[in-house]
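For the sequence shown, position 158 matches number 157 in numbering that gives the first Met the number 0, and the numbering has no gaps at all.
Ideal Cβ placement from N, Cα and C applies to all residues, glycine included.
From a predicted model like this one, the values you see are computed outputs, not experimental measurements.
Let me begin by presenting the structure, written as structure tokens, before commenting on it.
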Amino acid sequence: MIPQAKSWVDAARRVVVLTGAGISTDSGIPDFRGPQGLWTKNPLAEKMSNIHYYLADREVRKLSWQNRMASPAWSAKPNAGHLALVELEKRNKLHALITQNIDELHQQAGNSPNKVIEVHGTMRRVVCMSCGMRAPMQKALDRVRAGEEDPPCRTCGGILKSDTISFGQQLVPEVIDRAMQVAGEADVFLAVGSTLQVYPVAGAVDIARSAGAKVIIVNAQPTAFDDVADAVLPGSISEILPAILGSGARSSK
0 MIPQAKSWVD AARRVVVLTG AGISTDSGIP DFRGPQGLWT KNPLAEKMSN IHYYLADREV
60 RKLSWQNRMA SPAWSAKPNA GHLALVELEK RNKLHALITQ NIDELHQQAG NSPNKVIEVH
120 GTMRRVVCMS CGMRAPMQKA LDRVRAGEED PPCRTCGGIL KSDTISFGQQ LVPEVIDRAM
180 QVAGEADVFL AVGSTLQVYP VAGAVDIARS AGAKVIIVNA QPTAFDDVAD AVLPGSISEI
240 LPAILGSGAR SSK
């Protein structure tokens, strides 16, 4: 199926990519639901990802700050899968890159920030839950290192958290609307490293299919859309993406 998938990409003008945690595992960032996933191995980690527990329980927040400091994402580097998506953009084929990830590795790899739609926000900023102040995450982490277990907002004293969408939080309507719009404009829709279980983002697959796009799924585990995809490519994302997105017979159309 790899040669067939590559031929669809080569012929495409507007490739829309949806990435989940699986694309970053080869960079040393564990996924959530896989065999070695964060929530599989540590059910408490899922509680820390729930906005209701986070706001109500200072102990959960203190643990969350320690987890943020220790995150492998701070030292992670883009892998071959990320770099293949940069190559796709250089070929003028990448229409948009919808990501469920919060690590900003797509931007670090070289994808244009205006192409990246971060539906779950970014871990590299902090936000105040009261006044909406935003600032670089590292400034807040410096305060934790200096001894503040649960640093409050310096503007209003409110609760700080990473500028990400936790369970129980509303997604940003404008961001989701843009993601669904670009999905409907795709002639190839490539879902990478996502189990496609989380809505409304997973609904982008249906929108792309309805618009006539070829749907290609690259993921180590089965997904909810395997039975309707035009191609399902299980295996190493770092190996498969370069094989189907590489220039080969380079063309800009």
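Can you find the residues in the same chain that come closer than 6 angstroms, C-beta to C-beta, to residue i, ignoring five residues on each side of it along the sequence?
i, result
"A83", "L240, P241 and L244"
"R19", "Per the sequence shown, residue 19 should be read as Gly rather than Arg. The answer, listed in chain order, is Q99, G192 and S193."
Would you kindly report the start and end of the unbroken beta strand (DSSP E) that includes residue i?
i, result
"H119", "Segment: none, H119 is in no beta strand (DSSP E) and carries neither H nor E."
"S193", "Premise fails: S193 is in no beta strand (DSSP E) and is neither H nor E."
"D162", "L159 to T163"
"I215", "K213 to V217"
Does residue i have its Cβ less than 7 angstroms from a Cβ in chain C?
i, result
"I239", "Absence of chain C from the displayed structure is noted, only one protein chain being present."
Can the beta-carbon of residue i be found less than 7 angstroms from the beta-carbon of residue j?
i, j, result
"N78", "S237", "yes"
"I216", "A228", "yes"
"G120", "P71", "no"
"D205", "A11", "no"
"M122", "I97", "no"
"Q196", "A223", "yes"
"M278", "T154", "The structure shown does not extend to residue 278, since the chain spans only 0 to 252, so no value can be given for it."
"K46", "E148", "no"
"V118", "A178", "yes"
"S129", "S48", "no"
"H94", "R13", "yes"
"G80", "I22", "yes"
"V125", "A139", "yes"
"A4", "A190", "no"
"V15", "F188", "yes"
Count the other C-beta atoms from every protein chain shown that fall within 10 angstroms of the C-beta of residue i, then say buried if there are 16 or more, exposed otherwise.
i, result
"C127", "buried"
"A248", "Because the pLDDT at A248 is just 41, under 50, the model does not fix this residue reliably, and the value given afterwards should be weighed accordingly. It counts as exposed."
"V214", "buried"
"L17", "buried"
"E264", "Because the chain in this structure spans residues 0 to 252, residue 264 falls outside the shown range and cannot be described."
"A182", "buried"
"K160", "buried"
"C152", "buried"
"N218", "buried"
"D226", "exposed"
"P150", "buried"
"G92", "The question names Gly, but residue 92 in the sequence shown is Lys. Classification for K92: buried."
State the start and end residues of the unbroken alpha helix (DSSP H) segment that holds residue i.
i, result
"L17", "Per DSSP, L17 belongs to no alpha helix (DSSP H); it is in the beta strand (DSSP E), V14 to T18."
"I206", "G202 to S209"
"L54", "I50 to A55"
"V8", "I1 to A10"
"P199", "It is not in any alpha helix (DSSP H) - P199 carries neither H nor E in the DSSP assignment."
"I175", "P172 to A182"
Give me, in chain order, the residues of the same chain whose beta-carbon lies closer than 7 angstroms to that of residue i; leave out the 5 immediate sequence neighbours on both sides.
i, result
"E88", "N110, S111 and K114"
"I50", "S165, F166, G167 and Q168"
"K252", "Note that K252 scores a pLDDT of 29, beneath 50, so its modelled location is shaky; the value from the coordinates is reported in the next line. Contacts found: R12."
Please work out which residues of its chain come closer than 8 angstroms, Cβ to Cβ, to residue i, disregarding the five sequence neighbours upstream and downstream, and give them in chain order.
i, result
"M68", "L140, V143 and R144"
"I116", "A95, L96, I97, T98, V174, R177, A178 and V181"
(request) List in chain order: all unbroken alpha helix (DSSP H) runs of 4+ residues lying wholly within the region 76-141. (result) 79-89 and 104-108
(message) Restricting to runs no shorter than 3 residues, where is the beta strand (DSSP E) found entirely within the region 223-248?
(response) 230-232
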